[in-house]
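In what follows, a single structure is set out as structure tokens and then discussed.
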Amino acid sequence: MIKFSNVSLVYPTSTQTILEGLTFSIVEGEMVLVIGSTGTGKSSLLRLINGLVPHHTGGILAGDVTVDGISTQLVRPGELAHLIGIVGQNPSSGFVTDTVEEELVFSMESLNVAPDVMRKRVEEILDLLALAPLRNRAISTLSGGEQQRLAIGSALVMHPKILVLDEPTSALDPIAAEEVLSIIHRLVHDLSLTVVIAEHRLERVIGFADRIIHIAGDGQAQIDLPENILKNSVIAPPIVHLSRALKLDQLGLSVRDVRRMTEDVRRNGKENPQVLKDPTPTAILIKGASISYGSHLALKNVDALVMEGEIVALMGRNGAGKSSLLQSIVGVKELDRGEISIFAHPPMSLKGAVRRATVGYIPQEPSDLLYAQSVAQECAQADKDNGIASGSTYALLQGLVPSVSPATHPRDLSEGQRLALALAVVLSAQPRALILDEPTRGLDYQSKSLLIEILKGFAAQPGRAVVIATHDVELVAELADRVIFLSEGEIVADGPTIDILLASPAFAPQVAKVMAPRRWLTVNDVMRALDQETDSR
Amino acid sequence: MKSLHPLTWWLWSIALIVTVIRANSALYAALVIAGAALIVWRWAGKFPWSKSFWFSLRLGTFILIVRAVTGVLIGVPIPGTKIIELPIIPLPDWMAGIRIGGVITQERLTSSLHEGLIIVSVIALFGAAVSLTSPHKMLRVLPVMVYEFGVAIVIATSSLPQLVASYSRIKRARILRGDEKPKFKSIALPLLEEALAKSLDLAAAMDSRGYGVSRVRSRYRPIKWRSADTAIFSSGLVLLGLVWTVTS
């Protein structure tokens, strides 16, 4: 179905080869997962399939890519629209029309499909993706999960033979992600659709993949069965780390397989003692906080405390009010009712240096914080703002990621490096509280464990507190002391991480699913229970 | 209002523009602006482009003021009732015929305002048509030949509101870095970068979804010309006819 013969790719302004001499073929009905660290060329590989690279991006392509016998060099991407459906990383930036129905028919209208055929297909897709109740809604009013389903629907409505997805679940909460992935899985099985999917959070997709393409970053790429690739790969879901740590004979890729192999572990492991922390003073106090947008209540009478030394994770579905709460904690959104104090300051009154020393905030797009032309200038600006010795911020950055060159433009950094730079800039002011809004979107496993280390180190210093909003249950399991769970603007659960995560299967991390009913969340928990302290990562 | 043909309001406003120019009356122009405002306020939805009318009014007012000031200060004197006399700024001999300052008469002021108001009403009528019509729907009735134009329209209408959202997001992030009065450049650079990246994404999405591949486009919901369209368009025509007979 898809055939790469000896494909090499170089972008015009870069000296680095993205892909070199890549040869493989994907047959009909196969689901292939593309993995690799950020910035290694996963998206480029996906966009090669329908010719967006190099038709849209420029660059030199050697070798040939053929799809269903058509070479992408000879046709424009649009002429493959009936054959390939492609869904980009951020669905909202690819919508062309105003309403759900118009969006679904856009491709078909462009290709002059007959109206009666269109009507049939639209009904079919509306049913298949459970979009029927939304058909007349304006796209801008849809939630993240609904938008993702619509984007997939608008691709599928052409009855393509191939569906290409670039990180389809990165912006979704675990439940919405599950919905989207199970739909794709069903399509592969029912319609023998060929699917190529790139994803960082392997734990979400590994069970569905037939083969994996691993892009190493130096132009080399491997394609093989998941077992063979993951045996030695640094990029691996927690379940594989568990298999490795327990030295199982076989690499289990599904919860069911690993459960069968680990019966004795569940039987023999001892209960981990709960670490009780000494009570500490309150860092952030939230009392009766309410915010509304028009008639929609974003926060309803929220009461919560964050203690010094604590890392608190804020979870909940898309649109549950997480961002609103964080923004009112840092003082950029005024409460309608109620009050918040952060280290005894009302957040709205914070200004300049006092603000920097009280609270540091990492927004969803860390690059919003950065505006200088190079890493060195950015660090120098932070030194100047905070009146600290020049070079301190850069030294801090070196401590986080040693490999960043000071002359690089912040835009050219990888996602992980950019997050580290934003963190260095914020941390250089020595804030007492650190607030992060979904920092792990688009981060690979390596950057994620780096982030965990940084945040743990930060919270271990006296008189500090961290609040982090995230969808990533694996991150929460590794990092957080406590979880606050929001739903429709109300706190529905607030308690120790282990209690909250184990309460609902949708939010349980992979290791916990394998080890249920034992109360272990991470590979480290399991090893501790077996008295084998190992460094699993 | 959803079912109106995308060309209806455009035809209506073109008819009205002709009447305004033909009538050449400040009172009539003001009435037309008020009428358009009423229609936009009542029927424009909550879409990114719906605010174009209010923007066009602001633009029109700006033009009116600039025109009135320059028209009064510079140019040929019109004799009439004196309001105020300003000193004449001496100009070199080769600029004969132009003078700055001098006697300002009521006649000169009213004629400047009069012309200005007609320009404002033309701009406002264009704004009203934009406000009342979805550019995406407009795209569907335009021929495929104007491919680049179509891509540009979609990108412009979807990136403008995005630009506004990104602007407030970036500015907020700056404030959180303790930078209450961020420099223009420090916001503009990341903003432009983002807008550019998003526009490229959108163009790529349109391309990979087959936009412009077929010369003929089919229509899922045929765009029909209904009686409401006829009513609106003929109201414009009737007005045009009236003005024409009155002025000729």
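Residue numbers (my numbering), protein chains in the order written: chain P, 10 to 546; chain X, 1329 to 1576. Think of the CB as a built atom: it goes at the ideal place given N, C-alpha and C, for glycine as much as any other residue. Since the model is a prediction, treat every value here as computed from it, not as a measurement.
Contacts with chain P (Cβ-Cβ distance below 7 angstroms) from the segment 1526-1553 of chain X involve Lys1526, Asp1529, Leu1530, Ala1532, Ala1533, Met1534, Asp1535, Ser1536, Arg1537, Gly1538, Tyr1539, Gly1540, Val1541, Ser1542, Val1544, Arg1545, Ser1546, Arg1547, Tyr1548, listed in chain order. Listed by position along chain X, the residues whose Cβ is nearer than 8 angstroms to that of Lys360(P) are Gly1506, Glu1508. One thing to note: Asn327(P) has its Cβ within 8 angstroms of the Cβ of Asp182(P). In terms of beta-carbon proximity, Thr106(P) lines the interface with chain X, with at least one pair separated by less than 8 angstroms.
The beta carbon of Arg537(P) lies closer than 7 angstroms to those of Asn281 in the same chain, with the five residues before and after it left out. Contacts with chain X (Cβ-Cβ distance below 8 angstroms) from the segment 383-397 of chain P involve Asp394, listed in chain order. Shown here, Tyr370(P) sits in a strand according to DSSP, grouped into three states. With respect to the C-alpha of Ile221(P), the residue from Asp392(P), Val214(P), Ile232(P) having the closest C-alpha is Ile232(P).
If you keep only unbroken beta strand (DSSP E) runs of at least 3 residues inside the segment 70-145 of chain P, you get 93-96.
The DSSP-derived three-state label of Val249(P) is helix.
From the beta-carbon of Ser116(P), the residues of chain X found nearer than 7 angstroms are Arg1537, Gly1538. For Glu272(P), the enclosing alpha helix (DSSP H) starts and ends at 272-277. Bounds of any alpha helix (DSSP H) do not take in Pro1415(X); it lies within the beta strand (DSSP E) bounded by 1410-1417. Counted as a single uninterrupted DSSP element, the alpha helix (DSSP H) harbouring Ile1446(X) occupies residues 1434-1460. Using a Cβ-Cβ cut-off of 8 angstroms, Ala1501(X) counts as an interface residue toward chain P, since at least one Cβ of chain P sits closer than that to its own. From the beta-carbon of Phe1477(X), no residue of chain P is found nearer than 9 angstroms; the closest lies around 14 angstroms away. When the five nearest sequence neighbours on each side are left out, the beta carbons in the same chain lying within less than 6 angstroms of the beta carbon of Ala474(P) are those of Ala292, Val315, Glu317, Glu319, Ala442, in order along the chain.
Pairwise C-beta distances place the segment 1434-1443 of chain X in contact with the segment 1404-1415 of chain X, as three or more of them are shorter than 8 angstroms.
Within chain X, no residue has its CB atom less than 7 angstroms from the CB of Pro169(P), the nearest being about 11 angstroms off. Rounded to the nearest whole angstrom, the CA to CA distance from Met117(P) to Ile1560(X) is 32 angstroms. Restricted to the segment 437-496 of chain P, the beta strand (DSSP E) segments that are unbroken, complete and at least 3 residues in length are 442-446, 474-478, 491-496, listed in chain order. Going by DSSP, Tyr302(P) is part of the beta strand (DSSP E) stretching over 291-302. Ranking Leu359(P), Ile338(P), Leu120(P) by CA distance to the CA of Arg1543(X) puts Leu120(P) first.
Cβ neighbours of Val339(P) within its own chain (closer than 7 angstroms, five residues either side excluded): Pro356, Val368, Tyr370, Ile444.
Using a Cβ distance threshold of 8 angstroms, Glu176(P) and Ala207(P) count as a contacting pair.
In terms of beta-carbon proximity, Met10(P) stays away from the interface with chain X, with every pair separated by 8 angstroms or more. Listed as beta-bridge partners of Lys12(P) by DSSP are Ser34(P), Thr75(P). Within the segment 170-213 of chain P, the alpha helix (DSSP H) runs of at least 4 residues that lie entirely inside it are, in chain order, 183-200. Per DSSP, the unbroken beta strand (DSSP E) holding Asn310(P) starts and ends at 305-316.
Beta-bridge analysis with DSSP links Gly1430(X) to Leu1414(X). Contact with chain P is found for His1464(X), since one of that chain's Cβ atoms lies less than 8 angstroms from the residue's Cβ.
At a beta-carbon threshold of 7 angstroms, the residues of chain X lying near Tyr380(P) are Ser1514, Leu1517, Pro1518, ordered along the chain. With a threshold of 8 angstroms between beta carbons, Glu88(P) makes contact with chain X. With a cutoff of 8 angstroms on beta-carbon distance, Gly297(P) and Gly330(P) are scored as not near each other. Within the segment 1371-1386 of chain X, the residues whose Cβ lies closer than 8 angstroms to some Cβ of chain P are Phe1375, listed in chain order. Contact between the segment 1456-1468 of chain X and the segment 1480-1498 of chain X is established, with three or more Cβ pairs separated by less than 8 angstroms.
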